[in-house]
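Residue numbers (my numbering): 12 to 275. Cβ coordinates follow ideal geometry from the N, Cα and C atoms, glycine included.
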């Protein structure tokens, strides 16, 4: 969903075509009824087939409209596009402040509890945790999965793009323990909503696939109470999407628990 005429092209026009087709079917039904040919078996069969096709068109149109809205490619240079991004309910968190330092410790402890081990730490990409796959011995004894945890500010779409490239470069450099499934958790305390939205656009638009594996960048904007992640993951294998969904679920649960403790 891009361009200034996306609403007319991707939403209104399919609905208009659907209404016109329905009106034509209604007229055809009335015309045949006036001709007293509706009782013919052949005509009834044709009308049933056309009705089924029309019902399928309704379902396809509804799915297309919902997908068009859900898979919008946000323009980091367009304030209206960024405003739509910040309004998306799927990225919202409870408006309860969190202590970032304590939350980072909780995230790290959660990773350790699930048998992740610290691999390296640097100013460029943060702390890298890796876990060897339980079934890696079947195909590749060295295979693992990685979670990269980084707090960074300021952020914008260009910085996010560079951080993603740095993470992919590090993942590719670890040929001794290759990881096809990878997560990048970015935490920022920026107060400027426009900059946070620009950074979020780089996260949400990312398709998640690179040569050799996948990477799911997640942006936790604590001052905007948002948790951003890529929306279009259709190119990713099902097991990779499942891995990312589990990580998102655990992260949301950690944030809720932390917010509940701070509320007391």
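How long is the line joining the alpha carbons of residue 273 and residue 114, rounded to whole angstroms? To locate residue 273, count along the chain shown from 1; it is residue 262. To locate residue 114, count along the chain shown from 1; it is residue 103. Between residue 273 and residue 114, the alpha-carbon positions lie close to 11 Å from each other.
When the Cα atoms are used, what is the spatial distance from residue 239 to residue 68? In the chain shown, counting from the first residue as 1, residue 239 sits at position 228. In the chain shown, counting from the first residue as 1, residue 68 sits at position 57. Rounded to whole angstroms, the gap between the alpha carbons of residue 239 and residue 68 is 33 Å.
Using a Cβ-Cβ cut-off of 6 Å (strictly less than) and excluding sequence neighbours within five positions of residue 138, which residues of its own chain qualify? Residue mapping note: residue 138 aligns to position 127 of the chain shown, counting from 1. 132 and 160.
Which residues does DSSP list as the beta-bridge partners of residue 221? Your numbering for residue 221 matches position 210 in the chain shown. Note: residue 221 sits in a beta bridge opposite 224.
How about the region 210-230 and the region 170-184: do they share at least three Cβ pairs that are nearer than 8 Å? Yes: at least three Cβ pairs fall under 8 Å.
Going by Cα to Cα distance, which pick from 221, 47, 85 and 70 is closest to residue 247? The residue you call residue 247 lines up with position 236 of the chain shown. For residue 247, the closest C-alpha among the options 221, 47, 85 and 70 is that of 221.
Considering only residues of the same chain and omitting the five flanking positions on each side of residue 148, which have a CB-CB separation below 8 Å? Here residue 148 refers to the residue found at position 137 of the chain shown. Note that residue 148 scores a pLDDT of 48, beneath 50, so its modelled location is shaky and nothing firm can be said.
If you drop the 5 nearest sequence neighbours on each side, which residues of the same chain put their C-beta closer than 7 Å to that of residue 200? For the purposes of this step, residue 200 is identified with residue 189 of the chain shown, where counting begins at 1. For residue 200, where only same-chain residues beyond five positions count, the Cβ hits under 7 Å are 111, 164, 233 and 234.
Would residue 157 and residue 193 be called neighbours here (beta carbons separated by less than 8 Å)? For the purposes of this step, residue 157 is taken as the residue at position 146 of the chain shown. For the purposes of this step, residue 193 is taken as the residue at position 182 of the chain shown. Cβ distance < 8 Å, so residue 157 and residue 193 count as in contact.
Alpha carbon to alpha carbon, what distance is there between residue 183 and residue 162? Translated into positions along the chain shown, residue 162 becomes position 151. Translated into positions along the chain shown, residue 183 becomes position 172. Cα to Cα, residue 162 sits roughly 22 Å from residue 183.
For the region 140-217, which segments carrying the alpha helix (DSSP H) assignment without a break, of at least 4 residues, lie completely within its bounds, in sequence order? 147-150, 168-184 and 204-215, all fully within the region 140-217.
Could you compute how far the alpha carbon of residue 252 sits from the alpha carbon of residue 191? To locate residue 252, count along the chain shown from 1; it is residue 241. To locate residue 191, count along the chain shown from 1; it is residue 180. Going from the Cα of residue 252 to the Cα of residue 191 covers about 12 Å.
Separation of residue 63 from residue 173, as counted between CA atoms: Translated into the one-based positions of the chain shown, residue 173 becomes position 162. Translated into the one-based positions of the chain shown, residue 63 becomes position 52. Answer to the nearest angstrom: the Cα atoms are 50 Å apart.
Taking the runs of the beta strand (DSSP E) that are 3 residues or longer, which of them lie wholly in the region 50-135? Counting only runs of at least 3 residues, the region 50-135 fully encloses the following beta strand (DSSP E) elements, listed from N- to C-terminal order: 128-133.
Using 8 Å as the threshold, is the C-beta distance between residue 244 and residue 213 below it? The sequence position of residue 244 within the chain shown is 233, counting from 1. The sequence position of residue 213 within the chain shown is 202, counting from 1. Contact flag unset, no.
Nearest candidate by alpha-carbon position, reference residue 153, set 169, 188 and 122: As a working note, residue 153 is residue 142 in the chain shown. Among 169, 188 and 122, the Cα nearest to that of residue 153 belongs to 188.
Using 8 Å as the threshold, is the C-beta distance between residue 128 and residue 120 below it? Walking along the chain shown from the start, residue 128 turns up at place 117. Walking along the chain shown from the start, residue 120 turns up at place 109. Not a contact, by the Cβ cut-off of 8 Å.
Which residue or residues does DSSP assign as beta-bridge partners of residue 35? As a working mapping, residue 35 is identified with position 24 in the chain shown. By DSSP's assignment, residue 35 forms no beta bridge with any residue.
Using a Cβ-Cβ cutoff of less than 7 Å, which residues in the same chain neighbour residue 36 once the five nearest sequence positions on both sides are dropped? Residue numbering aside, residue 36 sits at position 25 when the chain shown is read from its first letter. The residues are 61 and 65.
Neighbourhood of residue 136 by C-beta, 8 Å cutoff - its chain only, sequence neighbours within 5 removed: Along the chain shown, read from residue 1 onward, the residue named residue 136 stands at position 125. Cβ within range, chain order: 159, 161, 174, 177, 178 and 181.
First through last residue of the beta strand (DSSP E) which encompasses residue 254: One-based indexing of the chain shown puts residue 254 at position 243. Unbroken run through residue 254 is the alpha helix (DSSP H), 249-274; no beta strand (DSSP E).
Between residue 225 and chain D, is there a C-beta pair that is closer than 8 Å? Structure shown: chain D not included; a single protein chain is present.
Let me confirm a value: residue 268 is counted as buried when at least 16 other C-beta atoms fall within 10 Å, else exposed. Which label applies? Taking the first residue of the chain shown as position 1, residue 268 is located at position 257. Residue 268 should be labelled exposed.
Could you tell me whether the Cβ atoms of residue 108 and residue 72 are closer together than 8 Å? Along the chain shown, one-based indexing puts residue 108 at 97. Along the chain shown, one-based indexing puts residue 72 at 61. Not in contact: residue 108 and residue 72 (Cβ atoms no closer than 8 Å).
Which of the three DSSP states, helix, strand or coil, is assigned to residue 138? Here residue 138 corresponds to residue number 127 of the chain shown, with the count starting at 1. It is a strand residue.
Measuring alpha carbon to alpha carbon, tell me which residue in 169, 195, 39 and 53 is nearest residue 262. Taking the chain shown and counting its residues from 1, the one referred to as residue 262 is at position 251. Nearest of 169, 195, 39 and 53 to residue 262, Cα basis: 195.
I need the DSSP call for residue 237, collapsed to helix, strand or coil. Stepping through the chain shown from its first residue, residue 237 is reached at position 226. Residue state, collapsed to three classes: strand.
Pick helix, strand or coil for residue 230, following the three-state DSSP scheme. Along the chain shown, read from residue 1 onward, the residue named residue 230 stands at position 219. Looking at residue 230 - three-state DSSP - the assignment turns out to be strand.
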